[in-house]
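Below is one structure, written out as structure tokens; the observations come after it.
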Amino acid sequence: MAGQRAQWKGFIKFGEVSAGVALYTAASTSDRITFNTINTATGNRVNRVFVDSETDEQVPKEAQTKGFEIENGQYIIIDPDEIAAAIPESNKTLEIEAFIPCSDVDDVYFDKPYYLTPDKMGSDAFIALRDGMRKSNVAAIARTVLFRRMRTVLIRPHGKGLIATTLNYDYEVRSSKKAFEDMPKIKIEGEMLDLAKHIISTKKGEFDPAAFDDRYETALAELVKAKIEGKAPPKRKKVEVSKPNDLLAALRESAGFMNATKDLPKRTAANANAGSGRPRAARGAAAKTASSKAAPQRTAS
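For the sequence shown, the working numbering puts the final residue at 356, and the numbers step up evenly by one.
Right, dumping it as structure tokens:
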């Protein structure tokens with residue numbers, strides 16, 4: 056990928072076939088607006104220092120080490136060299152252990168996506184793997200050492216290449232049973248269910264990531280732009296929150312069955328609902344414009 060540095064280079068192996076590959080970051084937060092901590096008295100940037108939690112004295116880097124807390128305030132000291140020795144040895148190979156149906160992995164296990172591309176050597180083997188997986192409608196499970204840890208990776212065909220998603224370990228994923236254990240056992244039927252299905256049918260669409268704007272990032276961009284130009288910060292718009300009397304009334308209102316819409320022709324009401332997606336796309340375009348104007352100042356800060 057031109058202009059982008061590979062995060063990792065190695066090999067992908069399936070059976071006795073291997074090919075050189077490179078991993079590139081597929082999602083990044085580096086374009087978000089960031090701030091530095093400034094001394095209000097001098098206007099200078101503030102540097103972080105480490106201090107002893109008991110004596111409040113500054114601790115230089117050469118006097119710092121790692122520790123694991125076993126009791127409140129009691130630590131086992133672990134040398135950085137001992138931690139380095141625990142890092143698994145890497146052969147720089149994504150070894151495919153199994154091919155599985157694409158739907159077998161619950162996306163709650165998804166961690167971070169990377170684009171997987173051929174790296175000069177073995178392009179024909181890479182393409183054979185990609186096309187074979189696509190025609191068989193399968194994904195691959197592979198393991199390798201990435202960024203100091205042994206990682207399980209889900210590999211799927213994606214565009215002209217592959218996408219490799221690191222997976223969370225089972226101990227890192229919390230059970231949904233505990234999250235939903237207090238869910239009430241309520242059965243919705245009759246008019247309520249029909250209205251809910253009607254609302255869903257009128258709101259069907261397609262996922263377009265460009266249509267969704269990051270309102271917080273947009274607000275920060277507008278704030279930075281205003282400060283650069285010496286203007287007053289933008290005022291927050293008041294949000295009107297509706298307070299329906301009950302669920303059924305809210306469903307009826309959402310479906311367009313309240314008094315306000317009873318006298319309108321059905322075609323007009325449907326068109327009004329269908330047009331609700333356009334302003335969102337416009338807001339997304341406005342957000343990009345504001346962010347681009349403030350972007351040069353991020354590097355300067």
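No residue lacks a Cβ here, since even glycine has one placed at the ideal position from N, Cα and C. No experiment lies behind these values; they were computed from the predicted model shown.
Outcome for residue i when other beta-carbon atoms lying within 10 angstroms are tallied against a minimum of 16
i: K68; result: buried
i: M247; result: exposed
i: T207; result: buried
i: T95; result: exposed
i: L277; result: One point to set straight first is that residue 277 is Glu, not Leu, in the sequence displayed. Classification for E277: buried.
i: D161; result: exposed
i: M357; result: The shown model of the chain, from 56 to 356, leaves out residue 357, and the question about it has no answer.
i: A234; result: exposed
i: P288; result: exposed
i: G332; result: Because G332 sits at a pLDDT of 42, beneath the cut-off of 50, its placement in the model cannot be relied upon, and the following sentence gives the value as read from the coordinates. Answer is exposed; the Cβ neighbour count stays below 16.
i: K321; result: Because K321 carries a pLDDT of 44, less than 50, the predicted location of this residue cannot be relied on, and no value is offered for it.
i: A65; result: Position check: residue 65 holds Gly in this sequence, whereas Ala was assumed. With 16 or more Cβ atoms within 10 Å of its Cβ, G65 is classed as buried.
i: A195; result: buried
i: V279; result: buried
i: V76; result: buried
Identified DSSP bridge partners for residue i
i: V72; result: F69
i: D174; result: M176
i: A77; result: K64 and T172
i: I155; result: A194
i: E150; result: K68 and R198
Residue nearest to residue i in terms of C-alpha spacing, selected from the options
i: D203; options: L306, I142 and P173; result: Sequence check: residue 203 is Arg here, not Asp. For R203, the nearest C-alpha among the options comes from I142.
i: F90; options: L275, D174 and L78; result: L275
i: D107; options: Q119, K292 and F262; result: Q119
i: G214; options: I241, Y170, K232 and I243; result: Y170
i: L78; options: A61, G70 and D86; result: A61
i: R87; options: K175, Y271 and V72; result: Y271
i: I218; options: M176, K258, T172 and E244; result: T172
i: I155; options: L209, K121 and L184; result: L209
i: K167; options: L201, C157 and D159; result: L201
i: W63; options: A140, R307, T199 and V72; result: T199
i: T251; options: A310, E227, K286 and M205; result: Rather than Thr, the amino acid found at residue 251 in this sequence is Ala. Ranking A310, E227, K286 and M205 by Cα distance to A251 puts A310 first.
Euclidean distance between Cα positions of residue i and residue j
i: N146; j: E152; result: 15 Å
i: D186; j: N192; result: 10 Å
i: A237; j: F165; result: Position check: residue 237 holds Asp in this sequence, whereas Ala was assumed. Roughly 26 Å between the two C-alpha positions.
i: G216; j: A197; result: 16 Å
i: I255; j: A266; result: 19 Å
i: E117; j: F105; result: 12 Å
i: T92; j: D268; result: 27 Å
i: A281; j: K290; result: 11 Å
i: L302; j: D263; result: 30 Å
i: D136; j: R211; result: 37 Å
i: A74; j: A81; result: 21 Å
i: D249; j: I241; result: 16 Å
i: G260; j: I138; result: 50 Å
i: V144; j: G70; result: In the sequence as presented, Val is not what sits at residue 144; that position holds Glu. Taking the straight line from one Cα to the other gives about 21 Å.
i: R229; j: N99; result: 43 Å
i: K258; j: K175; result: 46 Å
i: V101; j: E284; result: 25 Å
Cβ of residue i within 8 Å of any chain D Cβ
i: R185; result: Among the chains of the structure shown, chain D does not appear; only one protein chain is present.
heavy atom of the ligand HEM below 7 Å from residue i C-beta
i: K147; result: Looking at this structure, you won't find the ligand HEM or any other ligand, since it has none at all.
Quick check: the segment 213 to 226 against the segment 112 to 131, are there 3 or more CB pairs under 8 Å? no
Cβ contact (3+ pairs, closer than 8 Å) linking the segment 114 to 134 and the segment 177 to 184: no
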